[in-house]
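A.B. asks: Using our numbering, the first residue of the sequence shown is number 7, and each one after it goes up by one. Glycine is no exception: its CB is placed at the ideal position from the N, C-alpha and C atoms.
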Amino acid sequence: DCWDAEIDGSYGWIECVGIAHRGCYDLQSHEEATGKTLRARREFDEPRTTVIDGWTIDGATAGPAFKAL
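In structure tokens form, the structure reads like this:
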């Protein structure tokens with residue numbers, strides 16, 4: 007996947023961040039080369055939602071909350 011973050015500023019919309027996630031491509035390449043499945047999936051009995059207020063995420067606080075899921 008590739009994602010862009012854009013800002014609507016005085017010059018109009020401009021790209022400020024470009025993110026290219028190569029994980030899927032890399033996993034597929036390794037799986038083809040080794041013949042092994044390297045993917046994991048976990049399904050929950052009930053959907054879970056974590057609400058985080060504010061614009062700044064403190065990893066020390068949010069990380070354990072997500073790991074606990």
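#1: To which residues of the same chain is Y31 closer than 7 Å at the C-beta, ignoring the five residues directly before and after it?
#2: Does the Cβ-Cβ distance between R45 and L75 come in under 9 Å?
#3: Does the separation of the CB atoms of F72 and T62 fall below 9 Å?
#4: At what residue ranges does the stretch 17–44 contain a whole run of the alpha helix (DSSP H), taking only runs of 4 or more?
#5: Report the rounded CA-to-CA distance for E37 versus G15, giving the unit in angstroms.
C.D. replies: In brief:
#1: Translated into the one-based positions of the sequence shown, residue 31 becomes position 25. If we look at Y31 and ignore the five residues flanking it on each side, it has no Cβ neighbours.
#2: Reading the sequence shown from its first residue, position 39 is the one you call residue 45. Reading the sequence shown from its first residue, position 69 is the one you call residue 75. Not closer than 9 Å, so no.
#3: Working through the sequence shown from its first residue, we reach residue 72 at position 66. Working through the sequence shown from its first residue, we reach residue 62 at position 56. The answer is no: Cβ separation not under 9 Å.
#4: You should have 29–40.
#5: Your numbering for residue 37 matches position 31 in the sequence shown. Your numbering for residue 15 matches position 9 in the sequence shown. As the crow flies, the alpha-carbon of E37 is around 44 Å from that of G15.
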